[in-house]
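Each remark here refers to the structure printed beneath this line.
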Amino acid sequence: MSKPAYRRKRWDSPVAGYLFLSPWLIGFLLLTLGPICMSFYYSLTDYSLLAAPHWTGWANYHRIFMEDDTFPKTLKITFVFVLLTVPLRLVFALLIAMLLNRNVKGMSFYRTMVYFPSLIGTSIAVSILWKNIFGRNGFINDVLGFFGIEGKSWISDPHYALYTLILMMVWQFGSSMIIFLAGLKQISRDLYEASSVDGAGKVRQFITITLPLLSPIILFNTVQTTINSFQMFTQAFVVTNGGPVHSTYVYVMYLYETAFTKYQMGYASALAWVLLVMIGLVTALLFWSSRYWVFYESQGGRR
Amino acid sequence: MAFVARKWSVALALTMLAGVMAACGSNSNDGNGASSASPSSPASSSASSSASPAASSSEPVKLTIAWWGSQERHDATQKALEQYTALHPNVTFETQFSGWDGYFDKLAVQYSAGSAPDIIQMDAAYVNDYVGRGLLADIGSINTADVDPSLIASGKVNGTLYAMPLGVAALGMVYDKTVVDKLGLTPPSFEWTWDDYFAFGEAAKAKLGKDKYVFEDQSADLVDYTAYQYSMGKGYIYNDQGKLAIDKDTWLQYMTKMSELRDKGILTPADLTATDKELDPQLDNVVNGNAIARHLFSNQVGAIDALKPDTYGYAALPKGTEAGGWLKPGMFWSVNAQSKHTEEAKAFIDWFINDVDAGKTLGLTRGTPVSSKVVEALTPNFSEADKTSIDFINKVAPDAQQFINDPQGWGNFKNEYKTIVEEIQFGQTTPEQAYDKLMKKAAEFEAAAAQ
Numbered sequence: 001m002s003k004p005a006y007r008r009k010r011w012d013s014p015v016a017g018y019l020f021l022s023p024w025l026i027g028f029l030l031l032t033l034g035p036i037c038m039s040f041y042y043s044l045t046d047y048s049l050l051a052a053p054h055w056t057g058w059a060n061y062h063r064i065f066m067e068d069d070t071f072p073k074t075l076k077i078t079f080v081f082v083l084l085t086v087p088l089r090l091v092f093a094l095l096i097a098m099l100l101n102r103n104v105k106g107m108s109f110y111r112t113m114v115y116f117p118s119l120i121g122t123s124i125a126v127s128i129l130w131k132n133i134f135g136r137n138g139f140i141n142d143v144l145g146f147f148g149i150e151g152k153s154w155i156s157d158p159h160y161a162l163y164t165l166i167l168m169m170v171w172q173f174g175s176s177m178i179i180f181l182a183g184l185k186q187i188s189r190d191l192y193e194a195s196s197v198d199g200a201g202k203v204r205q206f207i208t209i210t211l212p213l214l215s216p217i218i219l220f221n222t223v224q225t226t227i228n229s230f231q232m233f234t235q236a237f238v239v240t241n242g243g244p245v246h247s248t249y250v251y252v253m254y255l256y257e258t259a260f261t262k263y264q265m266g267y268a269s270a271l272a273w274v275l276l277v278m279i280g281l282v283t284a285l286l287f288w289s290s291r292y293w294v295f296y297e298s299q300g301g302r303r
Numbered sequence: 001m002a003f004v005a006r007k008w009s010v011a012l013a014l015t016m017l018a019g020v021m022a023a024c025g026s027n028s029n030d031g032n033g034a035s036s037a038s039p040s041s042p043a044s045s046s047a048s049s050s051a052s053p054a055a056s057s058s059e060p061v062k063l064t065i066a067w068w069g070s071q072e073r074h075d076a077t078q079k080a081l082e083q084y085t086a087l088h089p090n091v092t093f094e095t096q097f098s099g100w101d102g103y104f105d106k107l108a109v110q111y112s113a114g115s116a117p118d119i120i121q122m123d124a125a126y127v128n129d130y131v132g133r134g135l136l137a138d139i140g141s142i143n144t145a146d147v148d149p150s151l152i153a154s155g156k157v158n159g160t161l162y163a164m165p166l167g168v169a170a171l172g173m174v175y176d177k178t179v180v181d182k183l184g185l186t187p188p189s190f191e192w193t194w195d196d197y198f199a200f201g202e203a204a205k206a207k208l209g210k211d212k213y214v215f216e217d218q219s220a221d222l223v224d225y226t227a228y229q230y231s232m233g234k235g236y237i238y239n240d241q242g243k244l245a246i247d248k249d250t251w252l253q254y255m256t257k258m259s260e261l262r263d264k265g266i267l268t269p270a271d272l273t274a275t276d277k278e279l280d281p282q283l284d285n286v287v288n289g290n291a292i293a294r295h296l297f298s299n300q301v302g303a304i305d306a307l308k309p310d311t312y313g314y315a316a317l318p319k320g321t322e323a324g325g326w327l328k329p330g331m332f333w334s335v336n337a338q339s340k341h342t343e344e345a346k347a348f349i350d351w352f353i354n355d356v357d358a359g360k361t362l363g364l365t366r367g368t369p370v371s372s373k374v375v376e377a378l379t380p381n382f383s384e385a386d387k388t389s390i391d392f393i394n395k396v397a398p399d400a401q402q403f404i405n406d407p408q409g410w411g412n413f414k415n416e417y418k419t420i421v422e423e424i425q426f427g428q429t430t431p432e433q434a435y436d437k438l439m440k441k442a443a444e445f446e447a448a449a450a451q
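Protein chains in written order, with the UniProt record's numbering: chain C, 1 to 303; chain Z, 1 to 451.
Given below as structure tokens:
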């Protein structure tokens, strides 16, 4: 198949195709692309939400990198959050997925239950629940007290608050877990049987069969979770409101406050674009690294 | 065959598209009607309604009204709105009420979308910000004959009335009377001084033991330092040019003293302070028994009394060379300058503050009513909590400090202030370092306000 022929085929789809797509296309153009372009325009102005924007060129970006003290601080908190959340959540999701990949009676019930936290995950209600559980007089400290341990105030102590939020994010591992589970199901039983005939143990099987065959899915989950973690907002907003002493003041929290409590929509738009570029770079890095560790069966075993 | 199938699929797609578009269209119409100030009958266009804006017109009008507050206030306000609709059947209301958290965030977004409510409950911290941007309408034509002129002045900017004060509140303190009596302490009074305050702290702590504290640590609340600077005779924290005027020595003295009290366990420790939520049944440290006293506005007496009846006593903020507390308009009604129903909105506010029946329904849910006529009519029916609240105001009033609205651009400074003082509370910084940080932030606000 020559390249031009392929191109023509790809773009000359029947009108009906575009018409069927149009609800999505119109939605995308009006509700996603439009606001994205607007936000880029705003990032070059001093728009304040309450008054009309004035053109200021790159001044907002200059201020972010040169003058803003909060920017590096909130960036550091966000990176700590992402670097801890992503691996913990993936390891946790994979372990649970492997547990749920067995043939035990009533397994579908367990799967549903384990997935449950993710269904209600980012909602305000769970955040409030979390706030109460981890409060000074909350459930966790009651349990610890039962064992004679004096618990801390997990969400109002600057040393622990961020880790409590990380724990909450890790706990919502369900979506990654489901995808891992689907991946595990696709791995052919034959491989395990053949290797066990050759005398491979469980650990060996995991390292030489499961991990390589699962690596495309690990990549997908890593990218997905990384993007989600960078954009974490609800939990920080509801559980700790960025405090105490800005210890959970993640990037999007800063962005929100800049836009809606300080009315600096222009500056907040610039912050949003910096975040977008940052996520883009990290994702690109992940994809670049994937050629060294992701294994695609369809490519005849080439990495 | 293939051709026919394709034709059919095009037709099907078109039908679906039409359906979706129609759904979108009707949705957005509903949305407009519900959220913005467009007239309720689409036939009578905005031109006709703005052409006859008289309050007496019988044309159907839907006013959007927003306020924040507690359940008590929500119930009373909704009842008052029903009352108004009964009197003026052409006026109906769409209500947007919530707690304080996020109220002004939402309002800013509504303004930028052109869908802000017609009638808006305003706070003193934001009056200048909103008026400075031309977002509030002149409401000077409302009858204010029975309202104290000095109170009306608090809603004026450069001589024009933009915000109608709705109630007076005094800043003072609340303490847990049952605990104070049980421990046999001299209770705080309306005449106590800072020396009495410190002595009370020491005495109470000695009897309370390790896990209970005397005062909720509110040093991160700019209100507390404002009162301290006033009481030390150093004046208001903003000067006449609308710039921050925190007296360095007084501030350091205050913060150092507060750190000392914190170390002694007289103030609540930082992690406990961080979970405090004023007037929350579980999270308010005075209500849940972790501490004995905190500052309180007199219009909150009803709310705290409802949480634990007959438990609390009230006092003034400690005095230094002068008094610390002040009287402040609790909140205001403002009219959206973009509203199409300014006249109807003004007529409603007029009724809200001047009508005796409205006053009876509303009670003291927004502080003591501003109209002397309404107060007079209400007095015979006051509840115990109402009487306490009035008594509170009367005792603070004689030497109360002047209340001034936050200057334009400084409405959010208290958030930055809180974060900086929290660092002292958690022992991450010294008062001197915190002062430098504070001044740096203040310079940023000054620069932004100057633009």
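Idealized CB from N, CA, C, for every residue including glycine.
Since the structure is predicted, the reported quantities are computational estimates derived from the model, not experimental observations.
Is residue i close to chain Z, meaning its C-beta is less than 9 Å from at least one C-beta of that chain?
i	result
G145(C)	no
S43(C)	no
P265(C)	Residue identity differs from the one stated: residue 265(C) is Met in this sequence, not Pro. Taking Cβ atoms only, chain Z reaches closer than 9 Å to M265(C), which makes this a yes.
I207(C)	no
E257(C)	yes
K152(C)	yes
I64(C)	no
G34(C)	no
D142(C)	no
P158(C)	yes
residue 304(C)	Missing from the structure shown is residue 304(C); chain C here goes from 1 to 303 and no further.
S289(C)	no
Using only the alpha-carbon positions, how far apart do residue i and residue j sit?
i	j	result
A124(Z)	F180(C)	54 Å
A76(Z)	N60(C)	46 Å
V286(Z)	F200(Z)	16 Å
residue 460(Z)	N299(Z)	Since the displayed chain Z opens at 1 and closes at 451, residue 460(Z) lies outside it and no answer follows.
M265(C)	L183(Z)	53 Å
F206(C)	Q186(C)	15 Å
K205(Z)	V180(Z)	11 Å
L261(Z)	T248(C)	27 Å
A448(Z)	G132(Z)	13 Å
A47(Z)	I139(Z)	With a pLDDT of only 37 at A47(Z), under 50, the local geometry of the prediction cannot be trusted, and the value read off the model is given with reservation. Their Cα atoms are separated by approximately 22 Å.
E322(Z)	Q253(Z)	17 Å
S229(C)	G243(C)	18 Å
F139(C)	D305(Z)	28 Å
L31(C)	L21(C)	15 Å
Report, in whole angstroms, the separation of the C-beta atoms of residue i and residue j, which I expect to be a contact under 8 Å.
i	j	result
residue 513(Z)	A315(Z)	Any property of residue 513(Z) remains undetermined from this structure, which presents chain Z solely from 1 to 451.
Y126(Z)	G325(Z)	The pair is not a contact, with the Cβ atoms about 22 Å apart (cut-off 8 Å).
L222(Z)	Y417(Z)	5 Å
L364(Z)	D391(Z)	With a Cβ gap of about 12 Å, L364(Z) and D391(Z) do not count as contacting.
Given that a residue counts as buried once 16 or more other Cβ atoms are within 10 Å of its Cβ, and exposed if not, what is residue i?
i	result
residue 501(Z)	Missing from the structure shown is residue 501(Z); chain Z here goes from 1 to 451 and no further.
H341(Z)	buried
G27(C)	exposed
D406(Z)	buried
W58(C)	exposed
N143(Z)	exposed
F215(Z)	buried
I120(C)	exposed
Any beta-carbon of chain C closer than 9 Å to the one on residue i?
i	result
T275(Z)	yes
E422(Z)	yes
F426(Z)	yes
R262(Z)	no
T388(Z)	no
R133(Z)	yes
D221(Z)	no
D129(Z)	yes
Tell me whether residue i counts as near the ligand FMN, meaning its Cβ is closer than 8 Å to at least one heavy atom of that ligand.
i	result
N158(Z)	As far as ligands go, the structure on display features none, and thus does not contain the ligand FMN.
What residues of chain D sit near residue i, judged by a beta carbon separation below 9 Å?
i	result
G243(C)	Structure shown: chain D not included; protein chains present are C and Z.
Cβ-based contacts, 9 Å cut-off: residues of the region 95-112 of chain Z near chain C: D101, G102, F104, D105, K106, A108, V109, Y111 and S112
Beta carbons nearer than 8 Å to chain C: which residues of the region 393-416 of chain Z have them? N412 and N415
Which residues, in order along the region 120-140 of chain C, keep a beta-carbon less than 7 Å from a beta-carbon of chain Z? G135 and R136
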